[in-house]
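Line by line, the protein sequences are chains R and F.
Position one of the first sequence corresponds to residue 46 (the working numbering), numbered consecutively onward.
Position one of the second sequence corresponds to residue 46 (the working numbering), numbered consecutively onward.
Backbone N, C-alpha and C define an ideal beta-carbon position, used for all residues, glycine too.
All of these numbers come straight from a predicted model, not from anything done at the bench.
There are 2 protein chains.
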Amino acid sequence: MLKISTATREDCGTIVEMIRGLAEYEKLSHLMTATEADLERDGFGPTPRFHCLLAKWDDQPAGFALYFYNYSTFKGRAGIYLEDLFVWPRLRGKGIGKALLLEVARIAVEEGCGRYEWQVLDWNQPSIDFYESLGAQRMKEWLPMRVEGEALEKMAEMARKK
Amino acid sequence: MLKISTATREDCGTIVEMIRGLAEYEKLSHLMTATEADLERDGFGPTPRFHCLLAKWDDQPAGFALYFYNYSTFKGRAGIYLEDLFVWPRLRGKGIGKALLLEVARIAVEEGCGRYEWQVLDWNQPSIDFYESLGAQRMKEWLPMRVEGEALEKMAEMARKK
């Protein structure tokens, strides 16, 4: 039986394990360095940087959805961005992922958010089809850009020299 | 002369005007419904949903950079997402946009953020080239997905019926 609840500080160990599971699935384990203490600090301190739902199946941790708020300057309203959606492989096919995805949509509407967004790997056609069947649109024209590590330090340095 | 400062509640009228300018530039004016009151509520209340830098050129509003925090579950650290970067057309070519972009990078590093991210229109090659020259990477494989309006209400309804 499925139960979805808001994660608490005590769940951080379980969540870190699942993030590790997600990193393995994406063959990106070498990039996964987050610790339980990181999640406790960033999700359950005075200024939470994320929110998390935990799914249990027969009282065992089954999956999670981790999100934070973004902002639409055109709508003048906050939105929700879903960073991670994960279900342990052995528990897939039971509708747990879908239930988590929908539950975050419910929270978005309840909180008056104008949008609900996430990203999907562009070769993951089954997921894209599934999301589109729920009314999600592909923002095909938009290309995500990222700076990190040394390149980010260098940009900061350029700003300091101005 | 360029001056960049943190926007205050009193700047919301100026910012809304510039968001309108951005919407016009993107030929999306029909989607721009945000008001000054929206920005005051969401950016300057007890839980700010965004942060904003204002650029002035010779004491006149010239541009803005609006950002919020996202989260990397792999790094276990917050990051910065730049939602809008805008400079009035008549003031372009003076390095104001670059100065705003770099200043947000400086804030990201100062606050210990692991990443700095934004999106660019995939046909905007001059901007893509410029961002890459600063060390930004194109996250080519990632496709942004969005649900809003009726589709979002419908997803929330499905969650309620579970």
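Work out the CA separation of Asp103 of chain R and Asp56 of chain R for me, nearest whole Å. Taking the first sequence and counting its residues from 1, one reaches residue 56 of chain R at position 11. Taking the first sequence and counting its residues from 1, one reaches residue 103 of chain R at position 58. About 16 angstroms.
What's the C-alpha gap between Lys139 of chain F and Met46 of chain F? Position 94 of the second sequence, counted from the first residue, corresponds to residue 139 of chain F. Position 1 of the second sequence, counted from the first residue, corresponds to residue 46 of chain F. Whole-angstrom Cα-Cα distance: 10 angstroms.
Member of R:Leu127, R:Leu136, R:Leu146 whose CA lies at the smallest distance from the CA of Gln164 of chain R: In the first sequence, counting from the first residue as 1, residue 164 of chain R sits at position 119. That would be R:Leu127, whose Cα lies nearest to the Cα of Gln164 of chain R.
By the DSSP assignment, the beta strand (DSSP E) with Asp129 of chain F in it spans what residues? Looking up residue 129 of chain F in the second sequence gives position 84. From DSSP, the beta strand (DSSP E) with Asp129 of chain F extends over 122-132.
Does the beta-carbon distance from Phe89 of chain R to Phe109 of chain R come in below 8 angstroms? Walking along the first sequence from the start, residue 89 of chain R turns up at place 44. Walking along the first sequence from the start, residue 109 of chain R turns up at place 64. Cβ atoms of Phe89 of chain R and Phe109 of chain R: not closer than 8 angstroms.
If the cut is a Cβ gap below 9 angstroms, which residues of chain F does Ile64 of chain R touch? For the purposes of this step, residue 64 of chain R is taken as residue 19 along the first sequence, with counting starting at 1. Under the 9 angstroms cutoff, chain F gives Thr118, Phe119, Gly121.
Kindly say whether Leu99 of chain R, judged by its beta-carbon, lies nearer than 8 angstroms to any beta-carbon of chain F. For the purposes of this step, residue 99 of chain R is identified with residue 54 of the first sequence, where counting begins at 1. Not one chain F Cβ lies under 8 angstroms of Leu99 of chain R.
Would Arg191 of chain R and Glu162 of chain F be called neighbours here (beta carbons separated by less than 8 angstroms)? In the first sequence, residue 191 of chain R corresponds to position 146, counting from 1. In the second sequence, residue 162 of chain F corresponds to position 117, counting from 1. Yes, the pair counts as a contact, with Cβ atoms nearer than the cut-off.
Helix, strand or coil for Glu193 of chain R? Go by DSSP, reduced to three states. For the purposes of this step, residue 193 of chain R is taken as residue 148 along the first sequence, with counting starting at 1. DSSP places Glu193 of chain R in strand when its eight states are reduced to three.
With a cut-off of 8 angstroms, does the C-beta of Lys199 of chain R fall near any C-beta of chain F? By one-based count along the first sequence, residue 199 of chain R stands at place 154. Chain F, which has a Cβ nearer than 8 angstroms to the Cβ of Lys199 of chain R, makes this yes.
State the beta-bridge partners of Tyr116 of chain R as determined by DSSP. What you label residue 116 of chain R is simply residue 71 of the first sequence in a count that begins at 1. Looking at the DSSP assignment, Tyr116 of chain R forms a beta bridge with R:Ala123.
Using a Cβ-Cβ cut-off of less than 9 angstroms, list which residues of the stretch 184-196 of chain F approach chain R; keep chain order. Met184, Lys185, Glu186, Trp187, Leu188, Pro189, Met190, Arg191, Val192, Glu193, Gly194, Glu195, Ala196
Residues that DSSP places opposite Lys48 of chain F in a beta bridge: Within the second sequence, numbered from 1, the residue matching residue 48 of chain F stands at position 3. Beta-bridge pairing links Lys48 of chain F to F:Lys101.
What three-state label does DSSP hand Ala107 of chain F in the structure shown? Here residue 107 of chain F corresponds to residue number 62 of the second sequence, with the count starting at 1. Ala107 of chain F: strand per DSSP, three-state reduction.
Can you tell me where the alpha helix (DSSP H) with Glu148 of chain R in it begins and where it stops? Mapped onto the first sequence, residue 148 of chain R falls at position 103. Note, Glu148 of chain R: alpha helix (DSSP H), 141-155.
In terms of DSSP beta bridges, what is Tyr161 of chain R paired with? For the purposes of this step, residue 161 of chain R is taken as the residue at position 116 of the first sequence. Listed as beta-bridge partners of Tyr161 of chain R by DSSP are R:Ile125, F:Val192.
Return the Cβ separation of Glu148 of chain R and Gly159 of chain F in integer angstroms, given the expectation that the two are a contact with Cβ distance under 8 angstroms. Residue mapping note: residue 148 of chain R aligns to position 103 of the first sequence, counting from 1. Residue mapping note: residue 159 of chain F aligns to position 114 of the second sequence, counting from 1. No, Glu148 of chain R and Gly159 of chain F are not in contact; Cβ-Cβ is about 27 angstroms, not under 8 angstroms.
Chain F within 8 angstroms of Val132 of chain R, Cβ atoms only: Within the first sequence, the letter at position 87 stands for residue 132 of chain R. No, no contact with chain F.
What distance in whole Å lies between the Cβ atoms of Trp187 of chain F and Leu166 of chain R, which are believed to be in contact at a cut-off of 8 angstroms? Start at 1 with the first residue of the first sequence, and residue 166 of chain R comes out as number 121. Start at 1 with the first residue of the second sequence, and residue 187 of chain F comes out as number 142. Sure, about 7 angstroms apart at Cβ, within 8 angstroms.
Residues from the stretch 145-171 of chain R in contact with chain C, defined by Cβ distance under 9 angstroms: The chain inventory of the structure shown lacks chain C, comprising the protein chains R and F.
Chain R residues whose Cβ lies nearer than 9 angstroms to that of Met203 of chain F: Residue 203 of chain F sits at position 158 when you count from the first residue of the second sequence. Within chain R, the residues whose beta carbon sits less than 9 angstroms from that of Met203 of chain F are Lys143, Leu147, Ala150, Arg151, Leu179, listed in sequence order.
Nearest-angstrom Cα separation, counted from Phe113 of chain F out to Leu67 of chain R: Against the first sequence, residue 67 of chain R aligns to sequence position 22. Against the second sequence, residue 113 of chain F aligns to sequence position 68. Cα to Cα, the separation comes out at about 25 angstroms.
Pick helix, strand or coil for Leu136 of chain F, following the three-state DSSP scheme. Locating residue 136 of chain F in the second sequence gives position 91, where the first residue counts as 1. Leu136 of chain F: helix per DSSP, three-state reduction.
State buried or exposed for Thr118 of chain R, treating a residue as buried only when at least 16 other CB atoms are found within 10 Å of its CB. In the first sequence, residue 118 of chain R corresponds to position 73, counting from 1. Buried, because 16 or more other Cβ atoms sit within 10 Å of the Cβ of Thr118 of chain R.
At a CB-CB cut-off below 9 angstroms, which residues of chain R make contact with Leu73 of chain F? One-based indexing of the second sequence puts residue 73 of chain F at position 28. For Leu73 of chain F, the chain R residues whose C-beta falls within less than 9 angstroms of its own C-beta are Phe119, listed in chain order.
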